[in-house]
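A.B. asks:
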Amino acid sequence: MKSGLGSATIKAGDLVVSALTICNAFGDIFDFEKHIQIAGCYDRINREFMNTIEIYKDMNSDYSAFNQGKNTTISVVATNGIFDKAECMKISSMAHNGYANSIFPVHTLSDGDTIFTLATGEVKSDVSLVGALASQVVERAVANSIYSSKSIGGFLANIDL
């Protein structure tokens, strides 16, 4: 299915944590907050999502058909918090939980899933709090990348379902 560009922001007092995500994931995509699948392999005849991991398991010895390295989800997390390079790396690491909550399977050899974090250095905040909020905004940005996509070249988008 078609995916695209999504963003999300959470504010906590003066603290702002945002994510911008481009999603072209190999796995099925879920809206974590709504607990529903919103993209993935789709059966146009039965008008229902298929389970990517079940298809993948059935292909066990011939998984090279899937494993072509043409998928990725990439995000940037931006915060106005005051953080150094090591803390930004920790925030990025924690933000990957947003991928794990939204994409299954995630971080396969077919994916180049990456998250970068930048901090503008304006508001004192806790790295663990911002990491947790980063996970949430990444979840939302992944979902929004599906909700905002439009069909093209025979690829259905969520809006067509």
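Numbering (the UniProt record's numbering), first residue to last: 1 to 161.
The beta carbon of each residue, even a glycine, is placed where N, CA and C say it ideally should be.
1. For tyrosine 42, which residues in the same chain have their Cβ closer than 7 Å to its Cβ, ignoring the five residues on either side in sequence?
2. Taking buried to mean at least 16 other C-beta atoms within 10 Å of its own C-beta, is arginine 44 buried or exposed?
3. Am I right that isoleucine 10 and valine 137 are in contact with their C-beta atoms under 8 Å? What's the rounded C-beta distance?
4. Specify whether the stretch 120-131 and the stretch 73-90 touch according to this definition: at least 3 beta carbon pairs, one from each stretch, less than 8 Å apart.
5. Suppose you measure from the CA of threonine 73 to the CA of aspartate 28; what does that come to, to the nearest Å?
6. Helix, strand or coil, according to DSSP, for aspartate 58 in the structure here?
7. Taking C-alpha atoms, which residue in Ser151, Lys70, Ala141 and Leu118 lies nearest to isoleucine 82?
8. Could you tell me which residues DSSP pairs with alanine 8 in its beta bridges?
C.D. replies: With the structure as the only source:
1. For this step, residue 42 is matched to residue 42 along the sequence shown. Cβ within range, chain order: Met1, Phe49, Met50 and Leu156.
2. The residue you call residue 44 lines up with position 44 of the sequence shown. Under this definition arginine 44 is an exposed residue.
3. Your numbering for residue 10 matches position 10 in the sequence shown. Your numbering for residue 137 matches position 137 in the sequence shown. Right, the Cβ-Cβ distance comes to about 5 Å (below 8 Å), so this counts as a contact.
4. yes
5. The residue you call residue 73 lines up with position 73 of the sequence shown. The residue you call residue 28 lines up with position 28 of the sequence shown. Answer to the nearest angstrom: the Cα atoms are 12 Å apart.
6. Numbered from 1 along the sequence shown, position 58 holds the residue referred to as residue 58. Residue state, collapsed to three classes: helix.
7. In the sequence shown, the residue the question calls residue 82 occupies position 82. Isoleucine 82 has its Cα closest to that of Leu118, out of Ser151, Lys70, Ala141 and Leu118.
8. Along the sequence shown, one-based indexing puts residue 8 at 8. BP columns for alanine 8 point to Ala19.
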